[in-house]
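Read through the structure below, which is laid out as structure tokens, and then see the notes.
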């Protein structure tokens, strides 16, 4: 069962190193996931300078959860609040577009208040 052997791994997110372990056969996937997460968090940090790491993490998690739920409902497009540069595509319907726009306005207002 070599595939289930866990290996230590260091991932860097927002300039901080985190020690994790994962099955050997998932190492590359975890590294890619950490890189993706770091990119998303860096994009939010750039857009909302001065925002704490915890809030950046929550905003990123909300965007990624929304994206995941949209895919589960059969949407092929990324339906995320476009807080990061270039990775979000337009929602699939006018209703989705309006919801995304309203959510973006609320997020922008919250970011300005923090």
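In my numbering, the protein residues as written are 436 to 549. We put the beta carbon where it would ideally sit given N, CA and C, even for glycine.
- Listed as beta-bridge partners of residue 474 by DSSP are no residues whatsoever.
- Around the beta-carbon of residue 502, 16 or more other beta-carbon atoms lie within 10 Å, marking it buried.
- Inclusion of residue 444 and residue 466 in the CB contact set at 9 Å is warranted, their separation being smaller than that value.
- Setting aside the 5 residues that flank it on each side, residue 447 is surrounded in the same chain by 473, each with a C-beta closer than 7 Å to its C-beta; the list follows chain order.
- Sorting 487, 441, 481 and 476 by C-alpha distance to the C-alpha of residue 463 places 441 at the top.
- Around the Cβ of residue 478, a 10 Å sphere holds 16 or more other Cβ atoms; the residue is buried.
- With fewer than 16 neighbouring CB atoms inside 10 Å of its own CB, residue 460 falls in the exposed class.
- Taken in chain order, the whole beta strand (DSSP E) runs of length 3 or more contained in the stretch 462-507 number zero.
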